[in-house]
Each structure stands twice: as C-alpha cells, then as structure tokens.
Amino acid sequence: MSNSIDTSLLNSLNQTTAKRGNAATSTDDLGDSFMTLLVTQLKNQDPTKPMENAEMTSQLAQINTVNGINDLNETLQGITRQIDAGQSLQASALIGKGVLVPGNEVRKGDDATTPFGIELDAPADDVTISIVSASGEVVRQYGADDVGSLDEGVHSFSWDGKDMNGQPAENGVYHVRFETAQGGESVPATALNYAPVQGVLTGDEGPRLDLGAIMGQVGLDAVRQIL
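So that you can map any letter, position 34 of the sequence shown is 757 in my numbering, and since no number is skipped, the others follow by simple counting.
Here you go:
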C-alpha cells in the first residue's frame, strides 16, 4: 500500500483551485479532502511500514500549498476587481468625448468631417494621405509637402471636405489611405478613425467603451488618442 497521496489527485485539485470563479470548491473543502485522505492512509497503512515523519510533514505541506494557492487566487481576484473598478471609473470620464481608434473611415456631413489619424512605428519623412470614396476614387490627396515629416507615434488630421478641385465632396463615408516612408524605406503605420464614446460597459474582460452601433465596443487599450 502506498504511503503518499496520489499525484494525479493533487494535480487535479490544484487545477480545480486555479479556475477563477469556481464557487463549487472552497479552501475548506480542499483542506478537508486532504485531511480525510491522510487519516485514511494512517488507518490503513502497513503496521510494519508506518509513515515516516518526513512523509507526514510532506503531506501536510501539500495541504498548506493548496490552501495557499486558494488564498493567493482570492487575493488576486480581489486586486483584479479593484483594478477593473478603477479603470471603469477612469473610462466613464471619456463619455461624451471623441477618441481615435484603429480604423480607416472618415465621415462627411453637411457641416463637418470627422477627424482621422495615423500611428507610426517609426519616424517618416515621406507621408501621403489619400481620401478615397466608396467606389475607390481618390477624392483628395495630401502629399509630403502638405504633411511634412512625422515623428514616431500618433498624429491626428482633419479633411476640409473638399475634392481635388476645391469643390465640396458628397456627404457620406470615405476611407483614408496612408503611404509612409523614411529615406525611401516603407514605415509600418496604422490608420485611425474617430468615434464618440457613448458609454462604458463592464464585464469579465474589464471595462469596454461603447462607440455606438457602427463602431461597436472596444477595450481601453484600443484608444490611441483622446480628442
């Protein structure tokens, strides 16, 4: 008869306790299970080969380890809840404001156009911005002389809503396209579009910004700039 708790059982119990939100198994239940197993082993052990003190100490240490894991999990869950609450409070300050998030849409209305932006992975000395219609036609283009050199990071722009001939473009949704280079070498870039923050939602993944029916929901990490 073995004088040690089955390793597969210990692993199973450890895995069970590591699952967040599992209310079915508590620290006390796990401790009771270990104690029951230990007492059963002591009762049924071979009298000629009694459990050594070191083995008993090891078994008790395993109990403490599992209890410690549970305590740590509960502490981490508490910290996570506090962080989520803090982020939700910070995110609520964005309601009613506009943000730049990954995307390439520009919207033109009667009175204005939505801002847009770019996030550069490195500096660029040659930047071309094209405003493209739904049919693929380049309605307006800004060259390197218009844009100039840009540093690494986020930059915001605005379009006056006019075409190449200086005439007002039709209202609707357009797309922005960037060509970026430094010394003739292409520079990675991410297009950014504008969206108004309409609300904040909370969940298991933390707070998320509600950007409306068109843009949907995004995490705080998607926000590149607050306008």
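No residue lacks a Cβ here, since even glycine has one placed at the ideal position from N, Cα and C.
Under the 10 Å beta carbon count, M938 is surrounded by 16 or more other beta carbons and is classified as buried. Taking a cut-off of 8 Å for Cβ pairs, the stretch 872-889 and the stretch 839-850 touch, as three or more such pairs fall below it. Here K820 is exposed, its C-beta having fewer than 16 other C-beta atoms within 10 Å.
Taking every protein chain shown into account, the CB of D868 has fewer than 16 other CB atoms within 10 angstroms, so this residue is exposed.
Distance from the CA of V920 to the CA of D848, rounded to the nearest whole angstrom, comes to 33 Å. According to DSSP, I841 shares a beta bridge with H878 and A914. A direct Cα-to-Cα measurement between T903 and P838 gives close to 19 Å.
The straight-line gap separating the alpha-carbon atoms of R931 and I949 is approximately 15 Å. With at least 16 other beta carbons inside 10 angstroms of its own, I854 counts as buried. In the structure shown, A847 adopts extended strand secondary structure according to DSSP, grouped into three states. Non-local beta-carbon contacts of Y897 in its own chain, meaning distances under 7 Å to residues more than five positions away in sequence, involve V829, K831, I854, V855, S856 and V862 in chain order. G906 sits exposed, since fewer than 16 C-beta atoms from the chains shown fall within 10 Å of its C-beta.
Burial check for G884: the Cβ neighbour count within 10 Å reaches 16 or more, so the residue is buried.
With fewer than 16 other Cβ atoms inside 10 Å of its own Cβ, L924 counts as exposed. Within the same chain, V920, Q921, G922 and V923 come within 8 Å of I818 by CB-CB distance, once the 5 residues on both sides are set aside.
Between V946 and V850, the C-beta spacing is not below 8 Å. With contacts defined by Cβ atoms closer than 8 Å, G859 and N916 do not form a contacting pair.
For V824, the enclosing beta strand (DSSP E) stretches over residues G821 to P825.
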